[in-house]
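A.B. asks: Counting from 1, position 121 in the sequence shown corresponds to residue 120 in numbering that gives the first Met the number 0; the numbering is continuous, with no gaps.
We put the CB at the ideal spot given by N, CA and C, even for glycine.
Note that this is a predicted model, so its numbers are computed, not measured.
One structure, pasted below without further comment.
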Amino acid sequence: MVCGDRWGQGEGDVICRQLGCGHALFTPMYVLWPGERQRSLLQAVRCQGDEASLWDCSLGPWGPERQCACECISALHCSGGKLVTERLSGGSSPCAGTPDILFGDGYNVNCGLHAEEASVLCRGLGCGQALQASKSLLSPKVVTCQGTESSIFNCRFNFNLWVHCMLETDSQVVCSGRDAEPKGL
């Protein structure tokens, strides 16, 4: 296993290209439960994005005695793979409603988003700033963003909490309105 700490677009592009799957659309991180964790054998891999393979990137230390900085894995979604969609549905406009984050593999994340996540989603949809997000402390954070990501798909997803979404306690996301040009995917 390769440690995916701080992976980004460069590493994703190299791996997608090496697999013959186009370029990386996004590289989300998923939080693992303790029983799912495994030791990685290679740490601190850094790619510029134009390398022919992972082995042409800057490789860090080998060995299971070192641990990744986070207890998570990086996933890749390549352009040659399954489609993904992000939207707000059921609201008074395309810039208001319940978040729907649909993955081509069947996952549909429609939990309420907190301020940072709503901000990233609104920007990615070309809907300006987030004006309203979930204030519920009961709702699990299936998606965790810093607020600076270019796409909701660059945030961390914890699908282990996905089944605990409580739409009745999650508020809708409301964005300020349409930007001139959509950002993100």
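If you draw a straight line from the alpha carbon of residue 29 to that of residue 151, how long is it in whole angstroms?
C.D. replies: Numbered from 1 along the sequence shown, position 30 holds the residue referred to as residue 29. Numbered from 1 along the sequence shown, position 152 holds the residue referred to as residue 151. Each residue's alpha carbon lies about 13 Å from the other.
A.B. asks: One question on the structure: do residue 131 and residue 121 come within less than 8 Å of each other, judged by their Cβ atoms?
C.D. replies: Your numbering for residue 131 matches position 132 in the sequence shown. Your numbering for residue 121 matches position 122 in the sequence shown. Not closer than 8 Å, so no.
A.B. asks: Rounded to whole angstroms, how far is the Cβ of residue 22 from the Cβ of residue 78, which I believe are closer than 8 Å?
C.D. replies: Locating residue 22 in the sequence shown gives position 23, where the first residue counts as 1. Locating residue 78 in the sequence shown gives position 79, where the first residue counts as 1. Residue 22 to residue 78, Cβ: 5 Å. Contact.
A.B. asks: Considering only residues of the same chain and omitting the five flanking positions on each side of residue 75, which have a CB-CB separation below 7 Å?
C.D. replies: Start at 1 with the first residue of the sequence shown, and residue 75 comes out as number 76. So the list reads 11, 14, 15, 23 and 26, once near-sequence residues are dropped.
A.B. asks: Would you identify the three-state DSSP class for residue 10, choosing helix, strand or coil?
C.D. replies: Walking along the sequence shown from the start, residue 10 turns up at place 11. Of the three classes helix, strand and coil, the one that applies to residue 10 here is helix, per DSSP.
A.B. asks: How long is the line joining the alpha carbons of residue 109 and residue 48, rounded to whole angstroms?
C.D. replies: Residue mapping note: residue 109 aligns to position 110 of the sequence shown, counting from 1. Residue mapping note: residue 48 aligns to position 49 of the sequence shown, counting from 1. Spanning the two alpha carbons is a distance of roughly 32 Å.
A.B. asks: Evaluate residue 51 with the Cβ neighbour count: other Cβ atoms within 10 Å of its Cβ, from every protein chain shown; 16 or more gives buried, anything less gives exposed.
C.D. replies: Taking the sequence shown and counting its residues from 1, one reaches residue 51 at position 52. Exposed.
A.B. asks: Does the beta-carbon of residue 140 have 16 or more other beta-carbons within 10 angstroms, so that it is buried, or is it exposed?
C.D. replies: Taking the sequence shown and counting its residues from 1, one reaches residue 140 at position 141. So residue 140 ends up on the buried side.
A.B. asks: When the Cα of residue 92 is compared with those of 149, 60, 19 and 175, which residue comes out closest?
C.D. replies: Within the sequence shown, the letter at position 93 stands for residue 92. The shortest Cα separation from residue 92 among 149, 60, 19 and 175 belongs to 175.
A.B. asks: So what's residue 142 in DSSP terms, helix, strand or just coil?
C.D. replies: By 1-based counting over the sequence shown, the position of residue 142 is 143. DSSP places residue 142 in strand when its eight states are reduced to three.
A.B. asks: Quick one: what's residue 42 bridged to in DSSP?
C.D. replies: Taking the sequence shown and counting its residues from 1, one reaches residue 42 at position 43. For residue 42, which the question treats as bridged, DSSP gives no partner whatsoever.
A.B. asks: Taking the C-alpha atoms as reference points, what is the distance between residue 145 and residue 117?
C.D. replies: The count along the sequence shown starts at 1 and reaches residue 145 at position 146. The count along the sequence shown starts at 1 and reaches residue 117 at position 118. Straight-line Cα distance between these residues: approximately 11 Å.
A.B. asks: Could you name the residues of the same chain whose beta carbon sits closer than 8 Å to that of residue 155, not counting the 5 residues immediately before and after it, in chain order?
C.D. replies: Numbered from its first residue, the sequence shown carries residue 155 at position 156. Correct list, in chain order: 27, 28, 29, 30, 71, 142, 143 and 144.
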